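Residue numbers (the working numbering): 454 to 790.
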Amino acid sequence: MDNIPPIQQSIFIKKARVFWLYLREYSVLILIFCIIFLLGVFIFYTFLLRAPSEFPRHSFYAVEEGTSVSAVATSLYGAHMIKSPGMFKAFVVFSGSIKGVLAGDYFFAEPENAFSLARRLILGNHQLQPLRVTIPEGFSVHEIATILNETLSEFDEEYFIEHAHEGYVFPDTYLILPNATAQSVLLMMERNFENNIKKLEADIQVFGKSLEDVITMASIIEEEARTSETRDIISGILWRRLAIGMPLQVDVTFQYINGKNTYELSLDDLAIDSPYNTYKYAGLPPTPISNPGFDSIRAAVHPRDTPYLYFLSSKNGTMYYATDFEGHKKNRILYLN
Numbered sequence: 454m455d456n457i458p459p460i461q462q463s464i465f466i467k468k469a470r471v472f473w474l475y476l477r478e479y480s481v482l483i484l485i486f487c488i489i490f491l492l493g494v495f496i497f498y499t500f501l502l503r504a505p506s507e508f509p510r511h512s513f514y515a516v517e518e519g520t521s522v523s524a525v526a527t528s529l530y531g532a533h534m535i536k537s538p539g540m541f542k543a544f545v546v547f548s549g550s551i552k553g554v555l556a557g558d559y560f561f562a563e564p565e566n567a568f569s570l571a572r573r574l575i576l577g578n579h580q581l582q583p584l585r586v587t588i589p590e591g592f593s594v595h596e597i598a599t600i601l602n603e604t605l606s607e608f609d610e611e612y613f614i615e616h617a618h619e620g621y622v623f624p625d626t627y628l629i630l631p632n633a634t635a636q637s638v639l640l641m642m643e644r645n646f647e648n649n650i651k652k653l654e655a656d657i658q659v660f661g662k663s664l665e666d667v668i669t670m671a672s673i674i675e676e677e678a679r680t681s682e683t684r685d686i687i688s689g690i691l692w693r694r695l696a697i698g699m700p701l702q703v704d705v706t707f708q709y710i711n712g713k714n715t716y717e718l719s720l721d722d723l724a725i726d727s728p729y730n731t732y733k734y735a736g737l738p739p740t741p742i743s744n745p746g747f748d749s750i751r752a753a754v755h756p757r758d759t760p761y762l763y764f765l766s767s768k769n770g771t772m773y774y775a776t777d778f779e780g781h782k783k784n785r786i787l788y789l790n
């Protein structure tokens, strides 16, 4: 202010005083206006723009060729994807779009507000990028179906369970379109299984066991062991038991029967009359009990020859072996009790 001439300083001060007096006189009106404006913004966003709480996540919305904007707005409202058909139509009209909304399947991973949704339909932004879905090794068909059903909106869980064969759905990480059907996903997984089995085809022929027996054994190995070394050793033990006519006596098959693990089994469970009860019936169970990974299948074909006939896993996952039942009982006392 020191470099400003006194006359201009005086004019500036007078204007500032006038503004301050004006502000004081109309402060209540200004406050009311601000409150009304903010309230209007809140109402507009909450009741017209924001996505409904029932907005279906991981869902598809299909726009048929030639469908009018009004019909789409009504349909979106009925599907709980917008709160106001009129507001949606206004967004489309004011966008200046000549073609209206574009036909096709639109994927919605998360809720979107009406403006974002209208913009996507105007631009034809379908967002059908593949989803990365990981199927863990050792999961059953039912467990795999649950994962896929939670991820893919068009997935038919019942169809998958009915048509998938336990043991032959290859666990892996897949890139799957969000609108993929159960049929297409199952075909993808079966082809992946076939491609991986081709890598072991010659070894299986030399081993002299059927593919069915190999996969069934691999499914047991998958549930019993966690490392390549323990898989190889357990494979040798289990094939040896079969060779001498000894029951497999593995606890993991009970997970397939009644969902119980080793530490939950009772004497009544061990007496269950089921072909999957490997204490009661000798030989392999009638089908695989899970879907094994490549390393377990490899281990089933390449068993390690050892003097052991018994094994157990402690609660921390460490594996202990014994050559006879007396040694096995000692291991149980030492590492399980």
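By construction, the Cβ of each residue, glycine as well, lies at the ideal position given by its N, Cα and C atoms. Computed from a predicted structure; not experimentally measured.
Rounded separation between Leu-766 and Phe-778 - CA only: Locating residue 766 in the sequence shown gives position 313, counting from the first residue. Locating residue 778 in the sequence shown gives position 325, counting from the first residue. Note that residue 766 corresponds to Ser in the displayed sequence, not to Leu. Distance between the alpha carbons of Ser-766 and Phe-778: 15 Å.
Range of the contiguous alpha helix (DSSP H) that encloses Val-546: Position 93 of the sequence shown, counted from the first residue, corresponds to residue 546. Val-546 -> alpha helix (DSSP H) spans 538 to 547.
Inside the stretch 729 to 787 only - beta strand (DSSP E) runs reaching at least 3 residues: 763 to 766 and 772 to 775
Length of the line joining the Cα atoms of Ser-537 and Phe-592: Looking up residue 537 in the sequence shown gives position 84. Looking up residue 592 in the sequence shown gives position 139. Distance between the alpha carbons of Ser-537 and Phe-592: 44 Å.
Sub-8 Å separation of Asn-645 and Ser-606 beta-carbons: Position 192 of the sequence shown, counting from 1, holds the residue named residue 645. Position 153 of the sequence shown, counting from 1, holds the residue named residue 606. Result no, Cβ atoms of Asn-645 and Ser-606 do not sit closer than 8 Å.
Contact between the stretch 510 to 529 and the stretch 558 to 574 (3+ Cβ pairs under 8 Å): yes
Separation of Ala-617 from Lys-768, as counted between CA atoms: In the sequence shown, residue 768 corresponds to position 315, counting from 1. In the sequence shown, residue 617 corresponds to position 164, counting from 1. One C-alpha to the other measures close to 33 Å.
Beta strand (DSSP E) segments (min. 3 residues) lying fully within the stretch 540 to 624: 557 to 561 and 584 to 587
Host beta strand (DSSP E) of Leu-691 (start-end): Here residue 691 corresponds to residue number 238 of the sequence shown, with the count starting at 1. Per DSSP, Leu-691 belongs to no beta strand (DSSP E); it is in the alpha helix (DSSP H), 681 to 696.
Proximity of Ser-672 and Pro-741 at Cβ, strictly below 8 Å: For the purposes of this step, residue 672 is taken as the residue at position 219 of the sequence shown. For the purposes of this step, residue 741 is taken as the residue at position 288 of the sequence shown. Yes.
Unbroken beta strand (DSSP E) run spanning Leu-628, endpoints: Residue numbering aside, residue 628 sits at position 175 when the sequence shown is read from its first letter. Element bounds for Leu-628: 626 to 629.
Cβ neighbour criterion (16 or more within 10 Å) applied to Gly-746: In the sequence shown, counting from the first residue as 1, residue 746 sits at position 293. By the 10 Å Cβ count, Gly-746 comes out buried.
N- and C-terminal bounds of the beta strand (DSSP E) containing Ser-512: Locating residue 512 in the sequence shown gives position 59, where the first residue counts as 1. Its beta strand (DSSP E) spans residues 512 to 516.
Residue burial classification, Val-440 (beta-carbon count within 10 angstroms, cutoff 16): Beyond the ends of the chain as shown, which are 454 and 790, falls residue 440; an answer cannot be given.
Pick from Tyr-734, Val-638, Asp-656 and Thr-587 that is closest to Asp-625, judged by C-alpha positions: Within the sequence shown, the letter at position 172 stands for residue 625. Among Tyr-734, Val-638, Asp-656 and Thr-587, the Cα nearest to that of Asp-625 belongs to Thr-587.
Residue range of the unbroken alpha helix (DSSP H) whose run includes Gln-702: As a position in the sequence shown, residue 702 is number 249, starting the count at 1. Note, Gln-702: premise wrong, no alpha helix (DSSP H); not H, not E.
Meets three-Cβ-pair contact criterion under 8 Å: the stretch 727 to 738 and the stretch 700 to 710: yes
Rounded straight-line distance, which links the Cα of Arg-573 to that of Glu-518: Counted from its first residue, the sequence shown places residue 518 at position 65. Counted from its first residue, the sequence shown places residue 573 at position 120. About 16 Å.
Beta carbon of Tyr-612 nearer than 8 Å to that of Gln-582: Translated into the one-based positions of the sequence shown, residue 612 becomes position 159. Translated into the one-based positions of the sequence shown, residue 582 becomes position 129. The beta carbons of Tyr-612 and Gln-582 sit no closer together than 8 Å.
Cβ neighbour criterion (16 or more within 10 Å) applied to Phe-786: By 1-based counting over the sequence shown, the position of residue 786 is 333. Here residue 786 is Ile; the residue named in the question, Phe, does not match the sequence. Result: exposed.
Buried/exposed call for Val-554, threshold 16 Cβ in 10 Å: Along the sequence shown, one-based indexing puts residue 554 at 101. That one is buried.
Helix, strand or coil at Phe-486 [DSSP, three-state]: Within the sequence shown, numbered from 1, the residue matching residue 486 stands at position 33. Phe-486 falls in the helix class under three-state DSSP.
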